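In our numbering, the protein residues as written are 118 to 529. For glycine and all other residues, C-beta sits at the position ideal for the given N, C-alpha and C. On a predicted model such as this, the values are computed, not experimentally measured, just so you know.
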């Protein structure tokens with residue numbers, strides 16, 4: 118098995134339902150996550166799995182085009198495969214697409230390696246330094262579907278936070294902001310802070326606020342003593358983030374204005390951010406995320422982990438990366454609690470706000486082929502979508518900074 122080569126590659130696109138449509142400053146996730154899965158079969162018959170999103174679109178054709186070139190390569194030649202077929206030089210022409218394409222390929226190869234050697238992926242990454250990974254509750258305003266969701270007002274969002282505290286034991290909450298006026302998001306955070314007295318908070322408007330609104334929200338959060346970990350992308354681009362630092366003391370985090378290793382140089386020079394929210398999806402896989410951790414450590418930047426939306430395959434890969442990256446200093450984000458189902462047989466458990474790191478060989482998950490077939494059929498039924506749209510506001514489209522916030526009953 119140590120001489121295994123890549124025998125075949127199969128790619129599937131699935132649409133897995135979520136509880137209710139998620140609203141954010143860029144639009145709406147309509148009611149499911151579109152994910153592309155890759156299965157790499159080795160010459161000994163073992164299977165390795167990986168997963169990638171696509172913002173509502175399938176990347177099946179792209180993965181298949183790259184995948185056909187990998188037949189016959191050793192499952193252990195990860196560096197050779199990356200630099201030959203999915204290199205950072207090539208990524209210049211595809212911006213952030215190729216790093217995301219690489220993530221499922223690398224995950225599947227590491228899954229195969231772990232199974233061949235009888236060890237978990239985190240052992241291939243140098244070993245785990247954590248047995249459990251702290252996760253945050255990712256709270257969105259939501260539209261209603263089948264009696265679920267419908268959270269708009271601060272009181273409704275608080276009810277959801279308390280529900281998830283009871284169910285999952287979360288101690289850290291991330292609010293997706295920028296849908297409604299900034300005063301709405303401020304009131305939500307103040308209420309959460311009062312009603313969840315031991316919790317910590319983070320807020321992410323995806324750069325929708327202008328500099329003055331961001332400065333006002335930040336100063337008011339400080340004034341009212343809201344227990345903020347950081348403000349995530351309160352404004353767009355590094356220049357505005359650096360300007361905002363003159364107005365607020367709360368740490369600034371990003372997953373949008375620092376997305377490449379080259380960006381770290383400018384971010385450090387401008388003193389634009391304190392926390393880099395990397396992830397294996399955008400940062401060249403699990404080993405790329407570890408490399409990001411080392412660079413952040415050298416620059417004195419805090420490392421977190423962003424969630425682009427994931428099923429159990431992707432979340433488990435994130436957990437392996439988090440377990441084996443010493444510089445990770447904050448709870449990881451995840452959308453997982455929004456899912457109604459998964460394509461693995463045993464769902465990832467979140468207990469007391471933590472996820473146990475798997476020790477089984479490879480990724481440590483068992484694929485449910487019936488679920489893949491079921492949600493592949495759903496994908497062909499619902500097809501693709503652009504989440505840069507809001508079905509309740511057909512004339513609206515996202516701009517940065519936002520000037521036309523969604524109406525809400527609590528802030529006219």
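Residues that residue i bridges to, as DSSP identifies them
i, result
"residue 290", "254 and 318"
"residue 347", "319"
"residue 127", "156"
"residue 146", "139"
"residue 433", "Partner(s): none; residue 433 has no beta bridge."
"residue 441", "Looking at the DSSP assignment, residue 441 forms no beta bridge with any residue, so it has no partner."
"residue 370", "349 and 392"
"residue 479", "237"
"residue 461", "484"
"residue 122", "191"
"residue 133", "150"
"residue 449", "252"
"residue 456", "135"
Residue range of the unbroken beta strand (DSSP E) whose run includes residue i
i, result
"residue 150", "149-159"
"residue 473", "471-473"
"residue 509", "Premise fails: residue 509 is in no beta strand (DSSP E) and is neither H nor E."
"residue 169", "164-169"
"residue 395", "392-395"
Where the alpha helix (DSSP H) through residue i begins and ends
i, result
"residue 142", "Here residue 142 belongs to no alpha helix (DSSP H), and DSSP marks it neither H nor E."
"residue 358", "355-361"
"residue 334", "328-340"
"residue 515", "Per DSSP, residue 515 belongs to no alpha helix (DSSP H) and is neither H nor E."
"residue 86", "Any answer about residue 86 is impossible in this case: the structure gives the chain only from 118 up to 529."
"residue 182", "177-184"
"residue 400", "Taken as a continuous stretch (DSSP letters only), residue 400 belongs to no alpha helix (DSSP H), as it is neither H nor E."
"residue 382", "378-387"
Outcome for residue i when other beta-carbon atoms lying within 10 angstroms are tallied against a minimum of 16
i, result
"residue 184", "buried"
"residue 386", "exposed"
"residue 143", "buried"
"residue 492", "buried"
"residue 200", "exposed"
"residue 228", "buried"
"residue 407", "buried"
"residue 345", "buried"
"residue 121", "buried"
"residue 529", "exposed"
"residue 165", "buried"
"residue 416", "exposed"
"residue 148", "buried"
"residue 526", "exposed"
"residue 463", "exposed"
"residue 230", "buried"
"residue 197", "exposed"
Other residues of its chain near residue i: CB distance less than 7 Å, five sequence neighbours each side excluded
i, result
"residue 306", "292, 318, 320, 338 and 343"
"residue 195", "223 and 226"
"residue 277", "256 and 268"
"residue 324", "350, 352, 353, 373 and 517"
"residue 219", "199, 203, 401 and 402"
"residue 140", "257, 258, 259, 260 and 296"
"residue 360", "328"
Contact set for residue i: own chain, Cβ-Cβ below 6 Å, skip 5 residues either direction
i, result
"residue 531", "In the structure as shown, the chain starts at 118 and stops at 529, and residue 531 therefore has no counterpart that could be examined."
"residue 476", "237"
"residue 287", "254, 281 and 470"
"residue 409", "395 and 400"
"residue 243", "441"
"residue 445", "420 and 439"
"residue 285", "467"
"residue 371", "350 and 390"
8 Å Cβ shell around residue i - same chain, five flanking residues per side excluded
i, result
"residue 266", "136, 137, 138, 259 and 260"
The ligand FAD heavy atom lying under 7 Å from the CB of residue i
i, result
"residue 404", "With respect to the ligand FAD, the structure offers nothing, as it holds no ligand at all."
Continuous beta strand (DSSP E) assignments of at least 3 residues falling wholly in the region 402-426: Here the runs fully enclosed are 419-422.
Beta strand (DSSP E) segments (min. 3 residues) lying fully within the region 225-270: 249-251 and 254-256
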